[in-house]
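Undergrad:
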Amino acid sequence: MTDEPSTEAESGATVDVKSAESQPETEIVLELPDGLRAELKDPLGPIFEEPAALLSVAGESVIAVGDMVTYHLVEAGRPPDVAFVDERTERSAIDNGVRKTVVGNGEAWFDRRFEVANPSATLTVSLLEALLAALDGGPPTIVTVYGEEDLATLPAIVAAPDGASVVYGQPGAGMVHVEVDTTVKEHCRSLLERMNGDPPRALSMLAD
Numbered sequence: 627m628t629d630e631p632s633t634e635a636e637s638g639a640t641v642d643v644k645s646a647e648s649q650p651e652t653e654i655v656l657e658l659p660d661g662l663r664a665e666l667k668d669p670l671g672p673i674f675e676e677p678a679a680l681l682s683v684a685g686e687s688v689i690a691v692g693d694m695v696t697y698h699l700v701e702a703g704r705p706p707d708v709a710f711v712d713e714r715t716e717r718s719a720i721d722n723g724v725r726k727t728v729v730g731n732g733e734a735w736f737d738r739r740f741e742v743a744n745p746s747a748t749l750t751v752s753l754l755e756a757l758l759a760a761l762d763g764g765p766p767t768i769v770t771v772y773g774e775e776d777l778a779t780l781p782a783i784v785a786a787p788d789g790a791s792v793v794y795g796q797p798g799a800g801m802v803h804v805e806v807d808t809t810v811k812e813h814c815r816s817l818l819e820r821m822n823g824d825p826p827r828a829l830s831m832l833a834d
């Protein structure tokens, strides 16, 4: 894992983080082709505006992808079991208050923390390894991504157990809730297979 960057800021300020390109060991295994971008804008499940309504249908295990999704779940009293954050929302730095709630205020939301590099529109080996480690049945885990965490939704669905909930943000709409089952796993596998890079290697990692 990489050393934690210095990102101190005054209360109420926004905080930016290092780019993935400045982090070591960025081995890209998949890259999003332009032809797949429009398809990925379609939500993979129902959209919720209120965390309480989403949590009323969520599974026993909850995986969150995104800072604001993680923040809303924490504020609703149900921190996710696994969270992927990149300290940005819709490509802007998150408010420092949100950051402190999610990753920096010392509360025991997450007992285990990983840091990985993952440039925009890619999936790296280190992100997939962190995902698998986070899903090993251990303590609540937060993965800080230097770069962008958006595509983590797809391998999270493929690797998560049936019945788990994967939650991610839909810009301008709310939070998407995906109940993991065989059908949605196969759909996400097919999307990963259509990416540039080495889909067989990525899917082999997720199958282990």
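Residue numbers are given in my numbering: position 49 of the sequence shown equals residue 675, and the series is strictly consecutive. Just so you know, even glycine gets a beta-carbon here, dropped at the ideal spot from N, CA and C.
Do aspartate 788 and valine 802 have their beta-carbon atoms positioned less than 8 Å apart in this structure?
TA: It is not a contact, given that the beta carbons lie outside the stated cut-off.
Undergrad: For the beta strand (DSSP E) holding serine 791, just list the boundary residues, first then last.
TA: Element bounds for serine 791: 791-796.
Undergrad: Rounded to a whole number of angstroms, what is the C-alpha to C-alpha distance between glutamate 677 and phenylalanine 740?
TA: Note on identity: in this sequence residue 677 is proline, with glutamate being the wrong assignment. Looking at the two C-alpha atoms, the distance is approximately 25 Å.
Undergrad: If contacts are defined as beta-carbon pairs under 8 Å, then valine 804 and serine 816 qualify, I think. What distance do you get, rounded to the angstrom?
TA: So it is not a contact: roughly 15 Å between Cβ atoms.
Undergrad: Tell me whether the stretch 752-761 and the stretch 658-673 touch, counting them as touching only if at least three CB pairs, one residue from each stretch, are closer than 8 Å.
TA: These segments do not touch.
Undergrad: From the DSSP output, in three-state form, read off leucine 656 for me.
TA: It is a strand residue.
Undergrad: Restricting to Cα atoms, I'd like to know which of Ile783, Leu818, Gly800 and Tyr772 is closest to proline 672.
TA: Cα-wise, what sits closest to proline 672 is Gly800.
Undergrad: What are the boundary residues of the beta strand (DSSP E) that includes methionine 694?
TA: Here methionine 694 belongs to no beta strand (DSSP E); instead the alpha helix (DSSP H) covers 693-701.
Undergrad: Out of curiosity, what's the CA-to-CA distance linking threonine 696 and methionine 821?
TA: Going from the Cα of threonine 696 to the Cα of methionine 821 covers about 27 Å.
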